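Working notes, structure below.
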Amino acid sequence: MFPFNFEWIWDMSHMVFMGGLWYALSILGLGITFCIVKAAMDTAKGKGGTHHH
Amino acid sequence: MKIDRRCFLSLGVGAAAGTVLSPLPWKITDDLSIWSQMWPWTPWPAQGENTFTNSVSTLCTDGCGITVRKVGGRAVKIEGMAGYPGNEGGICNLCAAGLQLHYGPTRVREPMMRVGSRGEGQWRTVSWEQALGEVSRQLAGARKAGTPEAVGAIVDQPYGSVPALFRRFLTAFGSPNFMYTPTMADAYAAVLRLTHGTDSLVGFDLEHADYILSFGSGIIDGWGSPVRMFRAHSQWKTDGATVKQVEPRLSNTAAQSSQWIPVNPGSEGALALGLAHIIIKESLYDYDFVNNYASGFEQFRDLVLAQFSPGNVSRLTGVDQSTIVSVAREFARAHRPLAICGRGQGRTTGELGYFLAVHALNALMGTINRPGGVWALPVPDYIQWPEPPLDDVARGGMAKERLDGAGSAFPVARSLPHRLAAAIREQKPYGLQVLMVSGANPLYTLPGQTDLQQTLGQVPFIVSFATHMDETAAYADLVLPAPSHLERYEDVASTAGYPRPLIGLARPVVPREGDTRHPGDVLIQLAAALGGSLQEAFPWPDYDTCLQETLADRWEAMLADGYWANDRFQPDNWDAAFATASGRFEFFPDAVKDGALFQPLEPEGDAAQFPLVLIPYDTARISNGPVASPPFLIKTVADYVLKGKEMFVEINPESADALGLREGSAARLTTPRGSATVRVHLSHGIMPGLVGAPRGLGHTAYDDYLAGKGVNVNALVGAISDPASGLDAAWGIRASLAKA
Amino acid sequence: MKIEGEQGKSKKYGMVIDLDKCTGCGACMVACMAENNVPFKQDESDKRLSITWMRVYQLTNGKAFPDADICYLPRPCQHCEGMHEGHSPCVSVCPATATDYDAQTGIVSQIYTRCFGCRYCMAACPYHARHFNWWDPVWPEGMEKYLNPDVSVRMRGIVEKCGFCFSRYQKAMEKAHYEGRRELEELEYQTACTQACPAGAIVFGDLNNPQHRVHQLAQPDPRRRGRPGNPKAFRLLEELQTYPKVYYLSSREWVHKAGHKAELIKEAGAHH
Amino acid sequence: MDSALIPKGVKRCPIWQFALGLGIVGAVLLWGVYAMLLCWFKGLNQTNMNDYYGFALWIWADLAVIALGGGAFFTGLLRYVIGKDELKNIINYAVLIGFICYSSALLILAIDIGQPLRGWFIFWHANVHSMLTEVAFCLSCYFGVLTIEYLPLVLENRQLDKVPFVHNLTHTMHEHMAIFAATGAFLSFFHQGSLGGVAGVLFGRPFAYREHLFIWPWTFFLFTWSAAAFGPCFTLLVTRITERIAGKKLVKDNVVQLLAKISGWMMFTYIIAKILDTAYWAFTTAPSLGFTLKDFYGTNGFYNYGWLVAEIIVGGLIPALMLITPKIRANRGMLTLATVLAVIGVCLNRWVMVLQVMAAPVMTFDEWALYVPSWQEVATTILPVAYGVILIMISYRYLPIFPQEAELNPITPEDAEGVQASGDSEPVLATAQA
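Chains as they are written, first to last, in this note's numbering: chain A, 1 to 53; chain B, 1 to 740; chain C, 1 to 272; chain D, 1 to 434.
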């Protein structure tokens, strides 16, 4: 799954397949990170929640 | 409270994130996968120096030349020895699986004395001194009582130094009761004694024949020397030779032959005479041989012409008249025709008339002692020991008749162990006090097992020289552990049809497992313990010395090559070959008794009560002799032969329909001798009315890889002594099969 | 599935099995088990649970007595080349590259420490040449002494199969390299079953090498994906375009019919 | 006792009833877990699989739950990407069912492989040409998507929602859910398809093999299509069962009707494609490999032509026609019947594409291989069902799964007092009794 695994070859199959995989993983990873960061920033701004302290 | 929860949550999340980001889980995952790749409970064979040792494996019928690959001190593989005569580098499956027997858990590793009742399996280990002390006490008792003849021995085969030592021991001791397990070689030997007038071994120059007419011989089912036969068969295929197989069941041989001629079981000899009828009638025989080197032809001709017309023979055998005529003509016109017999693997002896008839076919074609024909070979004569000195007791014993009637009631026979049970039971001519068994496993291989087991119970002392805890060892009073075929020296005289004198040398390949002693050594030690003339008869310090001295100038060559063979051997010319009264080949020896001997032998049992006929069959995938099938062999057995612990018998779908049986049905197989539950396998490759059962299953001894699987056919069949030779002539038995 | 190596130097190891000579004795199976540390259980009569890299099938012609006929067909791994080289039924589906097509030798390998036991390859193989280790291999006490150190013992939970005795190839190559050779003689590398077959029915060698007996017997046509030129020869299920490297010889028409459907075999190169 | 955790505005059964039900389903779960541990520690000899039957009962279950879980991605696609807004009222449950199906599928795979400790080799040493690799990658990624989709639901629990960060996170995730849903649909397309490809690429198995479009066999598209078509049916069926057990309406009819209609048309188009595929396979592909339909359906007592009829007509065409006919669809009983038939149909399809593939002989001298699963296999296959029921029970009790529940079942003042005491709405007990 990584270019350093020995069965990796720089051919079309690997680039398309692994490209698709890493693309999907990136979206998911970045998306969730974005959500967490945004939520954290919103919280810092004092938004949200029913019980403020 | 809220802060606590927040703290708790953050802590939890933080810990989880920290663990995942640390190398720990990844390291553990990796380590676990590596651990799974080398589980401590999965064996990891040790490396070591590779060496190869040539030897001869004594497991199969005639001995395979083997090369044993060793790594360090371990033997890891047995392969065929390149250049070994006959085998030429090939190996049979039994010898190839030999390491499973050698390293197997049922090896006997120290002397064992019976504790419980016979066959119960309760043992106590004893020292060799105690064990030998017990045997000499029993033996000395027989001599003291003046009945040395009450001691007998059964070994596997007649030739070779170990059987010779047993024979010598008994002779010097005073007993004529040296027995071995007879095979088709004995039937052929009887035929050669009667027709050639010589004591000979039969040999077949198969590789040079171009038309082979096999009367039931399982050419590729383990007949003769199996590997040599396979090679000859392949040679015939390459050369375009014709093979016609006469037998009631489509064996592998029949399937690979040019033509399968199904024949009623037991009528193979009649078919041979039917062919002789055509050959004689159409004057297709070899005039030179018949006119100038044979006698009794007229009687033979008259009998065959009168009684074995195609019509009669067709009725007896079930073969079309046209087939009889065409096969006879083809056979007679072939360049090098050869007729062979001995059913299946040739472990059964069969009717003398059948062997005589087939041999007569070869004689008619003048193939005796000719290229591509049947040869008479001298019996192995390399053991030249002086006659053992006999004291009075021994002379007295040796003057007695043998228990099995060989040499007395049946002059041409040498060993008839199937007659032992009756002799013991009836104490006629006398009882048996001590039985020694070495290399043989009569409590598995002899027909009429149920009877035999009972009668052997009457023998006060049975001592088994055994490598493995086989059925006979399990029933013995004392088991003397013998080194395996890879741990000892032994000469192996070829007797299964190789057309040249050949002696193989088995040698120690690996260090001995357990505290074993070579049977030869044990005999020498027993002789010394008994003292007197017995001790004098065994002048050798040990077996290895004995063997070396016996083989004399052959020893060095055998050590180097693994065998000794007389490559220049040629059989005697016709003018020197025959030592009958007439000096000619005898077509009609007295034993034929006006042709009665040529009539097909009826199987045992009442046809009304037992409407079917059971014919045991041999398969190369199951060892059916004294050596049991190791796990690898049983693994190769098809699931239509053995399923779980249940064995299948073959029947024709036509017979099955009549009995209401289907593929896989459980059925009760009953014969006059016994009964067993089996499953049914439908096969178009067996004549209707017959039940085919594989030999070699149904062991009660050995381990769970073998024991309890299937039925021992020898418990269902009985022996019938041939009126002329005394050998067991039975080829089957009447049987019934009913839904179980 | 790396396809590389200098053209012309690559081997295509294959087998020719003469079914007219095969006696069905089972020596090849035994030799294979002994060479390759194949385990065994107390009951091996359920053939679907019995690890037999080499299995000898019994074929029947389906005719009634007395026209019945049988033939034995030894079945090692067929080392399929597939529609294009390396696209064997099993190699193409293994998710973890645990079975591989070696372009240098044409041998389909099985990497035991890589296989995680998904059994997809077994589903893919029409020859049932692949076997799963349902149990831990256990040898009766003492018998583990005969295990061959050149072949690793397989652990439970993985798939194994015939590899044309690849360890023998490696040993032969090592020896050749040591002696400064790059090529093997025909007889330097032979599988255990070939060596053991008492009937000489199995012949093994390089199908690309006209000097080798396998080539002479099968007469494979490289332009037609190795179609045998010898009319006596056929490949099992060749119509599936597996392109096996095991050829069978038989003079019996019904055996040919049982082994393949000649009329359906597609011409070469159609599938690229 | 746990009233603080129960969503506002709905009523739930008393805790003892809940605990009792949990206990009973839990016992089934433990039975399955025991069987699972046997398979892990003693090996797959605990099953009745063999060298012919390398894929067996639970692999069928695996394929079936993934097909049935297809409701999650397809509803998500309709809701977030295509913009069928009404579906927001059922999307939560679709996600939950999808989450259960996919986590079960992954668990089954972890039990099924002979060396679970090396399972990750499928990623590490990936063979990109293997359909199974594609399955593994997309399946695990999509399971990640489902987790992301399910997470906000969990975080909406009354107590968790009180934490400001959690509240904000839920909110943000809801806002951006379309991105995740789209990614999920993309991944689902490929893993549903590649699951179909698993059988379709087996060129050594004429029963399974199909002609290819580019690198994909037809089964690739048929599987994706059928998952999208039949998955929502399963969502509807489970919703219906939940409603029956809860004894109250949880989703409004217009939502159900919309999803049923879309599902029906998807099924209808699918089944036409499936019939074409079957015909082409039966009369062109298989014969070119030496097989006729008779070889597949006419030589074995168990696998007969009835399977074709059951899968394509009874479990495909009939429910499709029922669902696209507004009158029939509008009838609750008929709607349920249609979803049941559809679920059976897709399960049969997965069965045939796994188990009959294994059973059908290829070599002329080989035989049909039929097998009966061992109890360990059955228990391990039931394990996910028990797990699913438990997860639904907990989620239903503590999470606002059904946005329309409160509106459809307004709480009377008496109810509000005695939330704990009311025993009318009891999913737990009824499940346990069933």
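Virtual Cβ for every residue (Gly too), placed ideally from N, Cα, C.
Since the structure is predicted, the reported quantities are computational estimates derived from the model, not experimental observations.
Beta-bridge annotation (DSSP): B/A339 is paired with B/L213.
In this structure the region 365-381 of chain B touches the region 336-346 of chain B; the number of beta carbon pairs closer than 8 Å is three or more. Comparing C-alpha distances from A/F17 to each of D/L87, D/C39, D/L187, D/D51 shows the shortest one belongs to D/L187. Listed as beta-bridge partners of B/H681 by DSSP are B/E650. Around the beta-carbon of B/I622, 16 or more other beta-carbon atoms lie within 10 Å, marking it buried. The Cβ atoms of D/P361 and D/W368 lie closer than 8 Å to each other.
By the criterion of a C-beta distance shorter than 6 Å, B/A577 is surrounded in its chain by N369, once the five residues flanking it on both sides are discounted. Not one beta carbon of chain C lies nearer than 8 Å to the beta carbon of B/M112. Scanning the region 348-386 of chain B for uninterrupted alpha helix (DSSP H) segments of 4 residues or longer gives 352-364, listed from N- to C-terminal end.
Listed in chain order, the positions of the region 123-148 of chain C with a beta carbon within less than 7 Å of a beta carbon of chain B are D136, P137, W139, P140, E141, G142, M143, E144, K145, Y146, L147, N148. Against B/T516, chain C offers no close residue; the least beta-carbon distance is about 14 Å (beta-carbon pairs closer than 8 Å). Under the three-state reduction of DSSP, D/R332 is assigned to helix. Contact check for C/R119 against C/V159 passes: the beta carbons are separated by less than 8 Å. Interface with chain B (8 Å Cβ-Cβ cutoff): C/F166 is excluded.
In this model, B/D30 and C/K41 are separated by some 32 Å (Cα to Cα). Residue pairing for C/F234: DSSP places it in a beta bridge opposite C/Y248. B/N54 carries a strand assignment under DSSP once its states are collapsed to helix, strand and coil.
Beta bridge pairing from DSSP links C/Y72 with C/Q58.
D/E377 is positioned such that its CB atom lies no closer than 8 Å to that of D/N45. Residues of the region 676-707 of chain B with a C-beta less than 8 Å from any C-beta of chain C: S683, H684, G685, I686, M687, P688, D703, D704, Y705, listed in chain order. Looking at the backbone, the Cα of B/P163 and that of B/G121 are separated by about 28 Å.
Contact annotation: the region 199-217 of chain B does not touch the region 430-449 of chain B, with fewer than three C-beta pairs closer than 8 Å. At a cut-off of 8 Å between beta-carbon atoms, C/S50 makes contact with chain B. Contact annotation for B/T29 against chain D: W120 [CB-CB distance below 7 Å, chain order]. For D/F74, the three-state secondary structure derived from DSSP is helix. For D/L117, none of the residues of chain A pass the 8 Å Cβ criterion, the least Cβ distance being about 18 Å.
Annotation: B/M81 is outside any alpha helix (DSSP H) and is labelled neither H nor E by DSSP. In terms of beta-carbon proximity, C/I265 stays away from the interface with chain B, with every pair separated by 8 Å or more.
Close partners of A/T43 in chain D (Cβ separation under 7 Å): P164, F165, N168.
8 Å or more divides the Cβ of C/A103 from the Cβ of C/S250. Interface with chain A (8 Å Cβ-Cβ cutoff): D/H176 is included. Boundaries of the beta strand (DSSP E) around B/L737: 733-739.
According to the DSSP assignment, B/A153 belongs to the beta strand (DSSP E) that extends over 151-155. In the structure shown, D/Y396 adopts helical secondary structure according to DSSP, grouped into three states. Counting the other CB atoms within 10 Å of its CB gives B/Q384 a total below 16, which places it among the exposed residues.
Proximity to B/P603 across B/S267, B/G439, B/D404, B/G366 peaks at B/S267, based on C-alpha coordinates.
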